[in-house]
Amino acid sequence: MSESVSVTLAKSHIGRPAKHKAILLGLGLNKLNKTVTLPNTPEVQGMINKVAHLVKVNK
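For the sequence shown, the working numbering assigns the number 124 to the initial residue and increments by one for each residue that follows.
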């Protein structure tokens, strides 16, 4: 497992459940095409899995 993971917001959260928007904000993704580098922990992986249809992941 790598030490960090890059996550990019690929699709908008508009029209999605409020929980999805909260998860994206927790990941630090608030604008389309924004990329953040996060530690590769089980907590972050779980958040990414919940919104996998909205983000692109680069390891």
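Built from N, CA and C at the ideal position, the CB exists for glycine as well.
Residue burial classification, residue i (beta-carbon count within 10 angstroms, cutoff 16)
i, result
"Ile137", "exposed"
"Leu148", "exposed"
Residue i versus the options, residue with shortest Cα-Cα distance
i, options, result
"Ile146", "Lys182, Glu166, Asn181", "Glu166"
"His143", "Val180, Met170, Lys179, Lys182", "Met170"
"Thr158", "Val178, Arg139, Val174", "Val178"
"Ser129", "Ser135, Pro140, Pro162, Asn172", "Pro162"
"Ala133", "Leu155, Thr160, Thr164, Lys173", "Leu155"
"Gly78", "Thr131, Thr164, Arg139", "Outside the displayed span of the chain (124 to 182) sits residue 78, for which this structure offers no information."
Which of helix, strand or coil DSSP assigns to residue i
i, result
"Asn181", "strand"
"Val167", "helix"
"Leu155", "coil"
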